[in-house]
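*Asks:* Chains as they are written, first to last, in full-length UniProt numbering: chain L, 1 to 390; chain C, 1 to 390.
Idealized CB from N, CA, C, for every residue including glycine.
Next up is a structure, given as structure tokens.
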């Protein structure tokens with residue numbers, strides 16, 4: 001039994017490679033109830049995040065998790081998705097108050113309650129989120145929602161080196177500035193954007209930032225951030241407040257995947273997804289760039305840099321076995337580096353098939369307990385078999 | 001085997017009522033490593049929260065969870081403690097990156113990693129936090145820490161009714177004002193404070209608020225909050241910025257327990273701990289007050305009102321069986337009310353012995369899965385037996 005939403009997952013989560021039944025969740029697409037005074041919304045799993053935000057806007061509320069794709073909320077919970085806003089709001093798991101889940105034997109359970117906090121019983125919410133359909137099928141979610149911030153400023157800051165950019169990020173976070181988004185885009189990515197989007201971004205490591213707050217606070221935050229950016233030799237910085245200008249400023253970040261797909265016809269995109277403790281991020285990105293060069297590969301590096309999570313975007317000719325092998329070797333190298341620094345093999349894309357082989361190394365003896373939990377919930381392995389565990 | 005920290009838990013978690021071995025964790029009291037550039041600290045379980053904050057201050061960082069008592073971090077993780085700051089920073093579970101845990105068979109596992117986010121494997125962090133020593137013994141914690149906010153303003157706002165106070169809280173949250181603390185203290189509590197602390201607080205339902213942010217943002221937030229408070233017929237509001245004045249303003253809230261203990265010699269304090277969806281909170285508090293009156297009991301009501309979590313403080317003569325029975329009946333009534341509204345029997349104190357009897361009702365069929373998880377991790381029931389489950 002494999003629950004299927006929009007199929008935007010990246011690690012083969014919904015591929016029934018052993019055969020089986022695919023459950024189409026897309027007709028469970030109702031926003032069941034907006035409990036605006038409780039800052040909670042109840043949704044069915046097939047609701048997408050933009051659909052939810054259209055509904056919430058009427059109440060001055062929004063749901064912050066933004067993985068890029070307009071994924072379903074059921075799928076986002078199943079993989080513990082996150083994205084550009086997790087530096088401020090946390091990941092998908094942090095938003096879940098309660099799940100209705102159908103277990104392997106047909107029992108319907110609720111994993112939490114509608115209370116904003118609870119110390120009652122074991123945290124089945126947290127266990128179910130990120131379990132990728134291997135422990136049960138999510139049939140309803142109660143999620144935390146937030147008041148829309150009064151004001152927003154977008155910024156783009158250009159640096160000579162990745163290290164300076166990341167150092168600036170650490171300093172901004174230490175200063176307690178409540179950043180909404182902090183994204184790093186490397187030189188190679190901006191070259192691609194300029195070539196295929198007709199833009200003229202400076203081709204240097206660049207931070208894309210988003211500040212939110214009230215009007216006065218934002219002004220002070222932005223000024224403080226300017227000082228910090230200058231301290232780390234920022235070559236050039238632009239701020240935009242107007243909605244249209246903000247979108248334009250961030251365009252290269254938002255449309256990067258598109259620039260690669262459009263600029264590399266006939267190839268398929270592959271994206272790595274490691275996460276390291278923040279202070280290892282410059283080293284991780286430098287090591288990745290060196291490895292790409294050594295292997296003679298073309299790849300762009302982007303990072304959710306407030307969290308130490310970074311991706312390499314590779315365009316692969318699926319007919320070329322050498323390219324596939326190289327991509328796999330690079331992925332292997334990046335995962336090994338992350339694990340050696342106390343990080344994780346997957347920051348936000350999940351395990352699926354692609355990262356199953358790293359689970360034992362990452363989790364050590366805890367992996368054994370995870371397997372036992374799987375056997376406990378699903379003794380006949382009928383729920384998304386072959387995912388997470390091999 | 002019962003891990004024991006400072007013994008500040010309130011639901012009998014550390015009572016070895018079936019006999020057994022108490023593990024004194026208090027000599028595991030080292031701050032192992034402050035990874036300031038990663039916003040992570042590694043601590044042993046016997047470190048207390050004020051000890052940690054003394055150490056973090058050197059780095060301009062702090063650990064936000066504040067349950068009142070100067071509890072150990074191991075104990076706080078075991079019960080998923082929270083307190084006055086969770087409206088801003090979340091609960092203990094939200095701060096845990098990784099735990100080193102010794103399982104029942106002696107296996108040592110790590111439940112997470114040092115990555116700020118991860119979608120790798122099952123979320124054993126979340127499962128272990130709040131498991132109250134029934135699944136394993138926590139021997140080290142990696143916790144999230146934060147930059148100290150630039151500025152802080154404390155406020156006290158007096159209302160005619162609890163309902164007006166809570167409505168103001170909802171409006172402030174909807175406005176997106178990032179409140180650090182939002183506490184409700186009822187009339188009876190302030191009478192007790194005035195009688196035994198020599199103060200002269202207006203004896204009406206009162207919100208104790210804390211705003212943080214940068215200087216300019218704070219000013220705007222405070223002005224906005226003033227307007228909102230006025231809109232909900234706030235009778236009187238005071239703001240204080242200076243540290244000393246802030247502490248004085250909040251004194252009644254901080255020393256409330258003390259006022260009761262000092263004012264009721266020979267009696268023992270008992271505290272209820274339910275949590276309801278926010279919009280049910282006025283009804284919950286009104287119902288509780290009516291029930292206290294009907295039973296002829298003396299009790300004060302305080303609430304972490306941003307979260308819908310509220311406590312009744314009762315002073316009990318432990319030699320008087322009727323008083324004990326009445327307190328139990330009140331607790332039962334409060335829990336039933338919370339569960340009937342989709343809330344929880346314990347917002348932050350945990351299950352221990354006191355709330356074990358409500359687990360089946362609160363969790364329904366999920367309770368069966370929790371019991372199976374307990375049996376899986378601890379087949380011989382040697383870890384804190386008799387707690388959570390009965």
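Within 7 Å (strictly less), CB to CB, does residue 240 of chain L reach chain C?
*Replies:* For residue 240 of chain L, the answer is no, since every Cβ of chain C falls outside 7 Å of its Cβ.
*Asks:* Taking C-beta pairs closer than 9 Å, name the residues in chain L that residue 394 of chain C reaches, listed in chain order.
*Replies:* With chain C running from 1 to 390 in the structure shown, residue 394 of chain C is simply not present.
*Asks:* Is it the case that the Cβ atoms of residue 314 of chain C and residue 327 of chain C are separated by a distance below 7 Å?
*Replies:* Yes; because the gap between Cβ atoms is below 7 Å, this pair is in contact.
*Asks:* Could you give the residue range of the alpha helix (DSSP H) that holds residue 365 of chain C?
*Replies:* Residues 365-377.
*Asks:* Nearest CA to the CA of residue 245 of chain L: which residue from L:214, L:174 and L:210?
*Replies:* Minimum Cα distance to residue 245 of chain L is reached at L:210.
*Asks:* Determine, using beta-carbon pairs with one atom in the segment 331-339 of chain C and one in the segment 82-97 of chain C, whether at least three such pairs fall under 8 Å.
*Replies:* Contact fails: fewer than three Cβ-Cβ distances are below 8 Å.
*Asks:* Spatial neighbours of residue 160 of chain L within its chain, please: C-beta separation below 8 Å, excluding the five flanking residues on both sides.
*Replies:* The answer, listed in chain order, is 204, 205, 233 and 235.
*Asks:* Using a Cβ-Cβ cutoff of less than 7 Å, which residues in the same chain neighbour residue 363 of chain C once the five nearest sequence positions on both sides are dropped?
*Replies:* If we look at residue 363 of chain C and ignore the five residues flanking it on each side, its Cβ neighbours are 370.
*Asks:* Is residue 381 of chain C helix, strand or coil when you go by DSSP?
*Replies:* In the structure shown, residue 381 of chain C sits in coil (DSSP, three-state: anything other than H, G, I, E or B).
*Asks:* Strictly below 9 Å CB to CB, what residues from chain C border residue 347 of chain L?
*Replies:* Going along chain C in sequence order, the residues near residue 347 of chain L (Cβ under 9 Å) are 115, 116, 117, 118, 119 and 120.
*Asks:* Contact check, residue 348 of chain L vs residue 119 of chain C under 8 Å by CB: the rounded distance?
*Replies:* Going by Cβ atoms, the distance from residue 348 of chain L to residue 119 of chain C rounds to 5 Å, so yes, they are a contact pair.
*Asks:* Counting pairs of Cβ atoms below 8 Å between the segment 264-271 of chain L and the segment 307-323 of chain L, do you hit three or more?
*Replies:* In short, these stretches touch, since the Cβ pair count reaches three.
*Asks:* Give the residues of chain L in contact with residue 94 of chain C, contact being defined as C-beta atoms less than 8 Å apart.
*Replies:* The answer, in chain order, is 90 and 94.
*Asks:* If I'm right that residue 114 of chain C touches residue 142 of chain C with Cβ under 8 Å, what's the distance once you round it to whole angstroms?
*Replies:* The Cβ separation is near 6 Å, so the contact holds.
*Asks:* Which residues bound the beta strand (DSSP E) around residue 23 of chain C?
*Replies:* Segment 22-24, the beta strand (DSSP E) holding residue 23 of chain C.
*Asks:* Could you say which of C:273, C:138, C:55 and C:149 lies nearest to residue 45 of chain C if we only look at CA atoms?
*Replies:* It is C:138 whose Cα lies nearest to the Cα of residue 45 of chain C.
*Asks:* Using only CA atoms, which one of L:239, L:325, L:59 and L:91 lies nearest to residue 78 of chain L?
*Replies:* Comparing Cα-Cα distances from residue 78 of chain L to each of L:239, L:325, L:59 and L:91, the minimum goes to L:91.
*Asks:* For residue 268 of chain L, which of helix, strand or coil comes out of DSSP?
*Replies:* Note: residue 268 of chain L maps to strand in three-state DSSP.
*Asks:* Checking 7 Å against the spacing of the C-beta atoms, do residue 152 of chain L and residue 169 of chain L come in under that value?
*Replies:* No, the Cβ-Cβ distance between residue 152 of chain L and residue 169 of chain L is not below 7 Å.
*Asks:* What's the C-alpha gap between residue 438 of chain C and residue 164 of chain C?
*Replies:* Nothing about residue 438 of chain C can be read from this structure; chain C reaches only from 1 to 390.
*Asks:* Hey, does residue 170 of chain L have any beta-carbon neighbour from chain C nearer than 7 Å?
*Replies:* With 7 Å as the cut-off, residue 170 of chain L counts as an interface residue toward chain C.
*Asks:* Could you check if residue 446 of chain C is buried or exposed, using at least 16 other CB atoms within 10 Å of its CB as the buried criterion?
*Replies:* A query on residue 446 of chain C cannot be resolved here, the shown segment of chain C reaching from 1 to 390 and no further.
*Asks:* Can you name the residues of chain C whose CB is closer than 7 Å to the CB of residue 384 of chain L?
*Replies:* By Cβ distance, chain C contributes nothing, its closest Cβ being about 13 Å from residue 384 of chain L, past 7 Å.
*Asks:* Just how far apart, CA to CA, sit residue 367 of chain C and residue 343 of chain C?
*Replies:* For residue 367 of chain C and residue 343 of chain C, the distance between alpha carbons rounds to 16 Å.
*Asks:* Determine, using beta-carbon pairs with one atom in the segment 16-28 of chain C and one in the segment 373-390 of chain C, whether at least three such pairs fall under 8 Å.
*Replies:* Yes, the segment 16-28 of chain C is in contact with the segment 373-390 of chain C.
*Asks:* At a CB distance below 9 Å, what residues from the segment 125-137 of chain C approach chain L? Give them in sequence order.
*Replies:* Those residues of the segment 125-137 of chain C that come within reach of chain L (Cβ to Cβ, closer than 9 Å) are 125, 126, 127, 128, 129, 130, 131, 132, 134 and 135.
*Asks:* Do the CB positions of residue 355 of chain C and residue 134 of chain C come within less than 7 Å of each other?
*Replies:* Their beta carbons are not under 7 Å apart, which means residue 355 of chain C does not touch residue 134 of chain C by this criterion.
*Asks:* Please list the segments of the beta strand (DSSP E) lying wholly inside the segment 249-318 of chain L, counting only runs of 3 or more residues, in order along the chain.
*Replies:* If we require 3 residues or more, the beta strand (DSSP E) runs fully inside the segment 249-318 of chain L come out as 268-271, 299-304 and 309-316.
*Asks:* At the 7 Å Cβ level, is residue 372 of chain L part of the contact set with chain C, yes or no?
*Replies:* At least one chain C Cβ lies under 7 Å of residue 372 of chain L.
*Asks:* Note the first and the last residue of the continuous beta strand (DSSP E) segment covering residue 180 of chain C.
*Replies:* 179-185 is the span of the beta strand (DSSP E), which, as asked, contains residue 180 of chain C.
*Asks:* Against chain C, does residue 394 of chain L count as a neighbour if the rule is that its beta carbon must be under 7 Å from one of theirs?
*Replies:* This structure gives no information on residue 394 of chain L, because the portion of chain L shown stretches from 1 to 390.
*Asks:* How about residue 252 of chain L and residue 193 of chain L: do their beta carbons lie closer than 7 Å?
*Replies:* In contact: residue 252 of chain L and residue 193 of chain L (Cβ atoms closer than 7 Å).
*Asks:* Chain L beta carbons: is any one of them nearer than 7 Å to that of residue 8 of chain C?
*Replies:* Chain L, which has no Cβ nearer than 7 Å to the Cβ of residue 8 of chain C, makes this no.
*Asks:* State the start and end residues of the unbroken beta strand (DSSP E) segment that holds residue 110 of chain L.
*Replies:* Where residue 110 of chain L is concerned, the enclosing beta strand (DSSP E) stretches over 108-110.
*Asks:* By the criterion of Cβ-Cβ separation under 9 Å, what are the contact partners of residue 365 of chain C in chain L?
*Replies:* The answer, in chain order, is 103, 107, 108, 109 and 110.
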